[in-house]
Amino acid sequence: MKKLLSTMVALSALGASQVMAQDLSLKVTNLSSAIYFTPLLVAAHDGNNHLFMEGAAASTSLQAMAEGGDFSGLSTDIQAIGGEVVENPAGDLLAPGGSTSFTLMTSKTNDRLSLTAMLLPTNDGFVGLDSLELPKKKGTYTYYLNAYDAGTEANNEVINGGGAPGVLGIPADPGGNAGSDGTGITSTTENSMIHIHRGNIGDMDATGGVSDLNSTVHRWLNPVAKLVITVN
Amino acid sequence: MKLNSPFTRIKLTTLGLLLTTVMIQGCNDDMMDHEYSVKVTNLTNNQAFSPIAGVLHDDSHKIFALGDMASVALETLAESGDNSGIIDDTDNTASGSGLLTPGSSETIMLKGDEKFKLSLLAMLVNTNDGFVGLESVDLGDLKKNESLMLHAKVYDAGTENNSEAAADVPGQSGEGFNVARDDRDFVSIHPGVISQDDGYSSSALDASHRFDNPAAKVVITRIK
Chain C
8 MKKLLSTMVA
18 LSALGASQVM
28 AQDLSLKVTN
38 LSSAIYFTPL
48 LVAAHDGNNH
58 LFMEGAAAST
68 SLQAMAEGGD
78 FSGLSTDIQA
88 IGGEVVENPA
98 GDLLAPGGST
108 SFTLMTSKTN
118 DRLSLTAMLL
128 PTNDGFVGLD
138 SLELPKKKGT
148 YTYYLNAYDA
158 GTEANNEVIN
168 GGGAPGVLGI
178 PADPGGNAGS
188 DGTGITSTTE
198 NSMIHIHRGN
208 IGDMDATGGV
218 SDLNSTVHRW
228 LNPVAKLVIT
238 VN
Chain X
666 MKLNSPFTRI
676 KLTTLGLLLT
686 TVMIQGCNDD
696 MMDHEYSVKV
706 TNLTNNQAFS
716 PIAGVLHDDS
726 HKIFALGDMA
736 SVALETLAES
746 GDNSGIIDDT
756 DNTASGSGLL
766 TPGSSETIML
776 KGDEKFKLSL
786 LAMLVNTNDG
796 FVGLESVDLG
806 DLKKNESLML
816 HAKVYDAGTE
826 NNSEAAADVP
836 GQSGEGFNVA
846 RDDRDFVSIH
856 PGVISQDDGY
866 SSSALDASHR
876 FDNPAAKVVI
886 TRIK
């Protein structure tokens, strides 16, 4: 009898934790034709916290992600306030046209979902989702995500390996379509808050001109990502 | 195994009833009890749409999907505007009557059952292989006389390099479909046209042909 009782307690505890938690399956697709995503950070968190906010200044952690693809600061920040994260579900860069599927178990208080990944090649562009209120009902939900500019670096469009926060330049073009010896399109940022990215401009000169990017390859229009959430 | 226990018998009976129901539905000739009007408005500045193609289809296939390789039927529509590979002779599909010019609207009618999804496609004729589309929209929750308004985005079929050259763009009297696949070979969101006005000297397009998302407004109304 004692054994049965303890089993029942264990079972009811299990039941309670299931009520508290949400079991989500997620799929992220890169919709661009030639822009790569650096490793994704996906976070479930409460309504008082954000990885980023439109119209607000980027945190130093967000800046590190947007300029160099390093999500470790953002991940530490959001876990420090009780957030639950999935780091780098694709295990690599997410190539144009590519998808990554993964699962996320959330506790009841973490009812918002956020997501970030740097866009390559850009200076400080990132695909983002800020605090989506997670659907509660079982079902499949589709969202389209836009490209943001962190506002922390001038979009000079020069590929020089510069990925550290505050270092001007683009780290790399993983697709290998970039040119070289561009003089730089601009040295200023007009909007230093997080805003919708104006897109790459590029030029048609592979070995000079103002940009190392190619107008026919590296431009995009929103949306840049598709997120499908299945509430199980 | 106690196959003849009352519990098992009840379960088997229920299963039998379920199977019968499914079979009756599966054999029903009248699968077209839902009818929809689909009104498409061209929101671009100077990109006529090829005759719009609307398709109601079940989950077993897709007309196109982001990230997937284009079918030949999609490649043909996206490069030339010819929708004959998408349209068939059933009421599940319908074609627009002709070019849908910027600012114009056209309504097509489609029939299907509640499990069907709507895909919609039309070429932007001043592109290499760009098309405005809706991808497998679920209409299951739409009640009779209810409408759903959606904005449609521009996709790149990924089957033809975006040269913007007159010889390759139907709207500039250039070539339509060709079998070559000289681009990335997956469907993406279109990166937009650059145009000669923005430094692409070999482009036959000008600033008037540039577009952004969304490119079309679509109002779907369930009639029956």
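Residue numbers (our numbering), protein chains in the order written: chain C, 8 to 239; chain X, 666 to 889.
Using N, Cα and C, we set each Cβ at its ideal position, and we do this for glycine too.
These numbers come from a predicted model, not from an experiment.
Alpha-carbon spacing of residue i relative to residue j, whole angstroms
{"i": "G168 of chain C", "j": "L739 of chain X", "result": "39 Å"}
{"i": "T706 of chain X", "j": "R205 of chain C", "result": "26 Å"}
{"i": "Q690 of chain X", "j": "D778 of chain X", "result": "Its pLDDT being 41, under 50, Q690 of chain X is placed unreliably in this model, and the coordinates cannot settle the point."}
{"i": "V884 of chain X", "j": "V174 of chain C", "result": "48 Å"}
{"i": "L731 of chain X", "j": "E160 of chain C", "result": "31 Å"}
{"i": "N791 of chain X", "j": "S222 of chain C", "result": "18 Å"}
{"i": "T772 of chain X", "j": "G761 of chain X", "result": "8 Å"}
{"i": "R784 of chain X", "j": "N757 of chain X", "result": "The amino acid at residue 784 of chain X is misidentified as Arg; the sequence shows Ser. C-alpha separation (whole angstroms): 11 Å."}
{"i": "A817 of chain X", "j": "T214 of chain C", "result": "38 Å"}
{"i": "Y865 of chain X", "j": "M697 of chain X", "result": "49 Å"}
{"i": "I177 of chain C", "j": "G209 of chain C", "result": "13 Å"}
{"i": "H910 of chain X", "j": "E811 of chain X", "result": "Beyond the ends of chain X as shown, which are 666 and 889, falls residue 910 of chain X; an answer cannot be given."}
{"i": "T116 of chain C", "j": "K144 of chain C", "result": "16 Å"}
{"i": "A102 of chain C", "j": "G841 of chain X", "result": "29 Å"}
{"i": "G105 of chain C", "j": "I859 of chain X", "result": "25 Å"}
{"i": "A154 of chain C", "j": "D723 of chain X", "result": "32 Å"}
{"i": "A65 of chain C", "j": "N748 of chain X", "result": "47 Å"}
{"i": "V797 of chain X", "j": "Y820 of chain X", "result": "6 Å"}
{"i": "L100 of chain C", "j": "M774 of chain X", "result": "43 Å"}
{"i": "T36 of chain C", "j": "L234 of chain C", "result": "7 Å"}
{"i": "N239 of chain C", "j": "S32 of chain C", "result": "7 Å"}
{"i": "T83 of chain C", "j": "L139 of chain C", "result": "20 Å"}
{"i": "P46 of chain C", "j": "K776 of chain X", "result": "44 Å"}
{"i": "I236 of chain C", "j": "H699 of chain X", "result": "28 Å"}
{"i": "G839 of chain X", "j": "N184 of chain C", "result": "27 Å"}
{"i": "G768 of chain X", "j": "N710 of chain X", "result": "8 Å"}
{"i": "L108 of chain C", "j": "L122 of chain C", "result": "This sequence places Ser at residue 108 of chain C; Leu is not what is there. Distance between the alpha carbons of S108 of chain C and L122 of chain C is about 14 Å."}
Chain C contact for residue i (CB, 9 Å cutoff)
{"i": "D778 of chain X", "result": "no"}
{"i": "C701 of chain X", "result": "The amino acid occupying residue 701 of chain X in the given sequence is Tyr; Cys does not appear at that position. With 9 Å as the cut-off, Y701 of chain X does not count as an interface residue toward chain C."}
{"i": "N827 of chain X", "result": "yes"}
{"i": "N914 of chain X", "result": "The first residue shown for chain X is 666 and the last is 889, placing residue 914 of chain X beyond what the model contains."}
{"i": "K809 of chain X", "result": "no"}
{"i": "H855 of chain X", "result": "yes"}
{"i": "A869 of chain X", "result": "no"}
{"i": "D821 of chain X", "result": "yes"}
{"i": "I859 of chain X", "result": "yes"}
{"i": "V852 of chain X", "result": "yes"}
{"i": "G635 of chain X", "result": "The structure shown does not extend to residue 635 of chain X, since chain X is modelled only from 666 to 889, so the question has no answer here."}
{"i": "R846 of chain X", "result": "no"}
{"i": "C818 of chain X", "result": "In the sequence as displayed, the identity of residue 818 of chain X is Lys instead of Cys. Answer yes: the Cβ-Cβ gap between K818 of chain X and chain C drops below 9 Å somewhere."}
{"i": "R887 of chain X", "result": "no"}
9 Å Cβ cutoff, residue i in contact with chain X
{"i": "V134 of chain C", "result": "no"}
{"i": "T223 of chain C", "result": "yes"}
{"i": "N130 of chain C", "result": "no"}
{"i": "K181 of chain C", "result": "Here residue 181 of chain C turns out to be Pro, not Lys, going by the sequence shown. Not closer than 9 Å to any Cβ of chain X, the Cβ of P181 of chain C fails to qualify, so no."}
{"i": "K145 of chain C", "result": "no"}
{"i": "A73 of chain C", "result": "no"}
Candidates the options, of which the one nearest residue i by Cα
{"i": "T824 of chain X", "options": "X:D756, X:H874, X:A817 and X:D833", "result": "X:D833"}
{"i": "A73 of chain C", "options": "C:A179, C:A87, C:L126 and C:L100", "result": "C:L126"}
{"i": "D807 of chain X", "options": "X:G763, X:V720, X:I888 and X:A743", "result": "According to the sequence shown, residue 807 of chain X is Leu rather than Asp. For the residues X:G763, X:V720, X:I888 and X:A743, the minimum Cα distance to L807 of chain X belongs to X:I888."}
{"i": "D754 of chain X", "options": "X:L721, X:K780, X:L789 and X:G763", "result": "X:L721"}
{"i": "V165 of chain C", "options": "C:D137, C:D131, C:Q86 and C:P142", "result": "C:D131"}
{"i": "A50 of chain C", "options": "C:P128, C:L136, C:N37 and C:V224", "result": "C:L136"}
{"i": "D877 of chain X", "options": "X:I728, X:Q712 and X:A735", "result": "X:Q712"}
{"i": "I88 of chain C", "options": "C:G170, C:V224 and C:H52", "result": "C:H52"}
{"i": "L765 of chain X", "options": "X:L789, X:G719 and X:H699", "result": "X:L789"}
{"i": "A787 of chain X", "options": "X:F714, X:L870, X:L813 and X:A881", "result": "X:F714"}
{"i": "Y151 of chain C", "options": "C:A71, C:S39, C:A28 and C:D30", "result": "C:S39"}
{"i": "G795 of chain X", "options": "X:H699, X:D850, X:L815 and X:S867", "result": "X:D850"}
{"i": "G54 of chain C", "options": "C:G182, C:G62 and C:I85", "result": "C:I85"}
{"i": "A157 of chain C", "options": "C:G146, C:P172, C:F133 and C:V224", "result": "C:F133"}
- Item | 3-residue-minimum beta strand (DSSP E) runs that sit fully inside the stretch 712-781 of chain X, ordered along the chain | 718-722, 758-760 and 770-777
- Taking any Cβ of chain C, which residues in the stretch 705-731 of chain X have a Cβ under 8 Å from it, in chain order? L731
- Residues of the stretch 104-126 of chain C with a CB closer than 9 Å to any CB of chain X: list them in chain order, please. G104, G105 and S106
- Contact set between the stretch 36-47 of chain C and chain X, restricted to residues whose Cβ is under 7 Å from the partner: T36, L38, S39 and S40
- May I ask you to list, following chain order, the residues of the stretch 186-215 of chain C that have a beta carbon less than 7 Å from some beta carbon of chain X? D210 and M211
- Please go through the stretch 127-206 of chain C and give each complete beta strand (DSSP E) segment of 3 or more residues, from N-terminal end onward. 132-140 and 146-156
- Which runs of the beta strand (DSSP E), 3 residues or longer, sit entirely within the stretch 30-84 of chain C? 48-52
- According to a CB-to-CB cut-off of less than 8 Å, which residues of the stretch 155-175 of chain C neighbour chain X? none
- Cβ-based contacts, 9 Å cut-off: residues of the stretch 227-239 of chain C near chain X: W227, L228, N229, P230, V231 and K233
- Item | 3-residue-minimum beta strand (DSSP E) runs that sit fully inside the stretch 81-123 of chain C, ordered along the chain | 91-94 and 106-113
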